[in-house]
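Position in the sequence shown (from 1) plus 7 gives the number in the numbering used here. Beta carbons are placed, not taken as given, at the ideal position from N, Cα and C, and that holds for glycine. Heads up, the thing below is written out as structure tokens.
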Amino acid sequence: MAQQLIDRRDQEFVIWEQMALEEMLADERFRDFNRKACDLIITEARAIAVKEMLPTLAEGDRQGVRFENSAVKVPDCFHRVFDLIVEGEWHNLGVPQEMGGQGAPPFVSAAAGEYFMAANYALIAYAAMGNGTANMIQLFGTPEQKRLYVRNLTSSKWGGTMLLTEPEAGSDVGALTTAAVRNPDGTYLLTGSKIFITNGEHDLAENIIHPVLARIEGDPPGTRGISLFIVPKYLVNADGSLGKRNDIICTGVEEKHGIHASATCSMSLGSRGSCIGYLLGGERAGMKIMFHMINHARMSTGLQAMAYASAAYLLALNFARERIQGRDLENFANPAAPSVPIIRHPDVRRNLLWMKSYVDGMRSFFYFMTGLGTRAAVCRTEKERRQYEDLFSMLTPVVKDYMAVKGHEVCVQAIQVHGGVGYTKDYLVEQYARDCKITSIYEGTSGIQAMDLLARKIGMNKGAVFVYFLGRIQETAATARQFDRLKPLADQVDAAQKKLGETAFNIGRLALSAEFRTAFAHALPFLHVMGDIIMAWMLLWRAATAARALDEGGHAKDLEFYDGQIKTAEFFIGTELQVTIGKMNAIEGSCPAAVKISDAGFGGL
Ligand SMILES: Cc1cc2nc3c(=O)[nH]c(=O)nc-3n(C[C@H](O)[C@H](O)[C@H](O)COP(=O)(O)OP(=O)(O)OC[C@H]3O[C@@H](n4cnc5c(N)ncnc54)[C@H](O)[C@@H]3O)c2cc1C
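Quick look at the structure:
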């Protein structure tokens, strides 16, 4: 039967064969999870995603959220399925057991997350966002705060949010003006306005716990003067019961391009002068603490984009197998020849393989990162932990933006494969393309991820992390060279990583020179060539894994799957990677036109 949302065989290949994540299960913290249990959980997650969540996707988009008298109603069809998710505790699969979650290995939670996000991102986000809020409280809260909030958030009895953005403080969070004043009892009074707050108000939880960034009266400007406060919608009494309504209200919801079922709220704090907040962590430590949630959210955003891309690709693939149009190219001049499914046309095949190469590469990249994160947590030595954590940190902006941008491009190409009907609301690819666009905007825009990579990440530990990263690619190339048919591919990937090293060195040097503006004008293209080379690396790694399985005689039913891995690597390295070489030449050329052109020179005056 045609696969929906996620290609199950591909997901299994990445988890068990390519990334060999089974070895993680040896750690004591995952003692309840053997391979069979993991497979069962993923199978069940797929069933609930396909049978229960997916049917609410288009309906949720059509009805959207409704704002009435400071209240927000989610689409009607969400309520029953939300209850199912929460009763089955699907939303807290990866949350540690001591916080009330299931404690599943992160790769199992990612596998289920792929399905849930592809089936209905807006819906799963209502249930799962509280985990991020809970995590910050668990790490930085007082024992009392942990007792009052953590389990109510991870159980999804209460919802969670993150309140950073203000009308004049978007990418520049340090410009925020929400103010906090100390009360004699140790609480704070907050006043200000926040905008674009995901799930800031809705009717799926009895309480909502808002982590709010604000500046305590008299604290310095910029990010170093920011503190973080827990601001509950309903104050919570010492015995855990709900107290009086706090002075934080939703003043409206946005009409958006996509994710219509997700409530994007404007929030007013302290309009009656009585918005109570509780400090989380120390004063002025707000940004450091919030970054725990932001980094997690950046990974999750990459997964969101990949999930949309995966679902859109499978829709396009299934459509291309069924849609009959045009004659086979070899019968082009013969009007009597039968029409064929469009998957027979070389241009459609190219487009499908283009989409497959990105979806496959992104999936492998994501599980590589998941493996790094888990290895950092379970490894024995401090040196290893640092190595994994640093690489994870360096690659986070690439996961976030590359997957957002490529995920969206895949969704757009899925429309193309559908032709005219793909542009209508009758087919889900149209919604996936709209919904996916947000991923390159929230949790830090493309431009912000690129700055993070160039200014903070590639030079980490005097470039040692970048060198380690390139070394990992070289290792894969060496493995792939053991298979004759992969040698030319391995050589090309090896040459590309070498050139990437030179490009990184040159752009890094430019960033430290008087021409630093020019370097930053090339920062996003640099992030994207890094992503391209990671795709080539991941696909070569897949091909080597498949070649080994073929050499070992793999099951007959798997032969085409494995051969497909090798063809996908051949395609990407033979086409897309060639363009990447040109893009690296362009970055090395350091054309300064974008910074030298005068403002008036852009025209339009
Ligand atoms: C649907 C949705 C949900 C959201 N959910 C949340 C949420 O839950 N909580 C929350 O706090 N916020 C949320 N946001 C806000 C989101 O994080 C911001 O919109 C985003 O960070 C960009 O800020 P901005 O919109 O003010 O754009 P701006 O910061 O004004 O940026 C405009 C453009 O300028 C570029 N730019 C700005 N500064 C720089 C710079 N220094 N260098 C290079 N380029 C720059 C940006 O890349 C962008 O292309 C959400 C937004 C949307 C649309």
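Return yes when the Cβ of residue j is within less than 8 Å of the Cβ of residue i, no when it is not.
| i | j | result |
| --- | --- | --- |
| MET297 | LYS201 | no |
| ILE216 | THR140 | yes |
| PHE236 | ALA187 | yes |
| LEU220 | LEU170 | yes |
| PHE89 | LEU197 | no |
| GLY451 | LYS413 | no |
| LEU310 | GLY120 | yes |
| ILE13 | SER317 | yes |
| GLY110 | SER162 | no |
| SER269 | ALA134 | no |
| HIS299 | LEU146 | yes |
| SER371 | GLN18 | no |
| ALA9 | ASN468 | no |
| MET369 | LYS464 | no |
| ALA421 | ALA485 | no |
| GLY95 | ILE49 | no |
| PHE568 | ARG15 | no |
What is the rounded straight-line gap between the Cα of residue i and the Cα of residue j?
| i | j | result |
| --- | --- | --- |
| ASN86 | THR168 | In the sequence as presented, Asn is not what sits at residue 86; that position holds His. Whole-angstrom Cα-Cα distance: 19 Å. |
| CYS418 | TRP361 | 12 Å |
| ARG387 | HIS352 | 53 Å |
| ILE448 | GLU173 | 15 Å |
| LYS251 | HIS529 | 52 Å |
| GLU290 | PRO227 | 11 Å |
| GLY426 | GLN11 | 20 Å |
| THR149 | GLU105 | 16 Å |
| GLY538 | ARG222 | 37 Å |
| MET143 | TYR409 | 26 Å |
| MET31 | VAL79 | 42 Å |
| LEU183 | PRO218 | 15 Å |
| ALA497 | ASN358 | 24 Å |
| PRO404 | GLU482 | 23 Å |
| ILE259 | LEU286 | Per the sequence shown, residue 259 should be read as Gly rather than Ile. Rounded to the nearest angstrom, the two C-alpha atoms are 27 Å apart. |
| VAL180 | GLY429 | 38 Å |
| ARG42 | LYS58 | 24 Å |
| LYS390 | ASP606 | 49 Å |
| TYR195 | SER77 | 23 Å |
| PRO495 | PHE476 | 21 Å |
| VAL436 | PRO191 | 55 Å |
| ALA471 | ILE455 | 23 Å |
| ALA593 | LEU566 | 40 Å |
| ILE540 | ILE588 | 10 Å |
| GLU75 | GLN423 | 38 Å |
| ALA462 | MET136 | 30 Å |
In chain order, what residues of the same chain lie with their CB nearer than 6 Å to the CB of residue i, ignoring the 5 residues before and after it?
| i | result |
| --- | --- |
| ILE349 | ALA327, ARG330, GLN332 and VAL355 |
| MET294 | THR230 and ILE233 |
| ALA457 | ALA530, LEU531 and LEU534 |
| ILE617 | Residue numbering for the chain in the displayed model covers 8 to 612; residue 617 lies beyond these limits and cannot be assessed. |
| THR446 | THR308, GLN311, ALA312 and ALA411 |
| HIS267 | ASP68 and GLY71 |
| LEU47 | none |
| VAL385 | ASP34 |
| ALA383 | ARG392, TYR395 and GLU396 |
| ARG53 | TYR122 |
| MET591 | LYS506, THR510 and VAL536 |
| PHE203 | THR172 and THR271 |
| ARG441 | HIS264 and GLY265 |
Once you ignore the five residues that flank residue i on each side, which residues in its own chain have a CB closer than 8 Å to its CB?
| i | result |
| --- | --- |
| ASN214 | ASN159, LYS164, TRP165, GLY166, PRO239, LYS240, TYR241, VAL243 and LEU249 |
| GLN438 | LEU64, ALA65, ASP68, GLY265 and LYS432 |
| LEU493 | ALA487, LEU547, ALA550, ALA551, ALA554, ILE573 and ALA576 |
Once you ignore the five residues that flank residue i on each side, which residues in its own chain have a CB closer than 7 Å to its CB?
| i | result |
| --- | --- |
| PRO113 | GLY101, THR377, GLY380 and THR381 |
| ALA543 | VAL500, ALA503, PHE579, ILE580 and LEU584 |
| TYR22 | Per the sequence presented here, residue 22 reads as Ile, with Tyr not at that position. Excluding positions up to five away in sequence, the list reads LEU28, PHE114, ALA118 and TYR374. |
| LYS444 | HIS264, GLY265 and HIS415 |
| ASN253 | VAL238, PRO239, LYS240, TYR241, LEU242, CYS282 and ILE283 |
What residues sit near ligand 1, counting only those whose C-beta is closer than 7 Å to one of its heavy atoms, in chain order? THR168, MET169, LEU170, LEU171, THR172, GLY177, SER178, ASP179, LYS201, PHE203, ILE204, THR205, GLU261, LYS263, ILE266, SER269, THR271, ILE445, ILE448, TYR449, GLU450, GLY451, THR452, SER453, GLY454, ILE455 and MET458
Are the stretch 339-353 and the stretch 520-530 touching by the rule of at least three beta carbon pairs closer than 8 Å? no
Counting Cβ pairs, one atom from each stretch, are 3 or more of them under 8 Å apart for the stretch 203-213 and the stretch 334-344? no
For the stretch 505-515 against the stretch 524-539, do three or more pairs of beta-carbon atoms, one drawn from each stretch, fall closer than 8 Å, so that the two count as touching? yes
Are the stretch 278-285 and the stretch 123-143 in contact at 8 Å, needing three or more beta carbon pairs? Inter-segment contact for the stretch 278-285 and the stretch 123-143 is absent: fewer than three beta-carbon pairs are separated by less than 8 Å.
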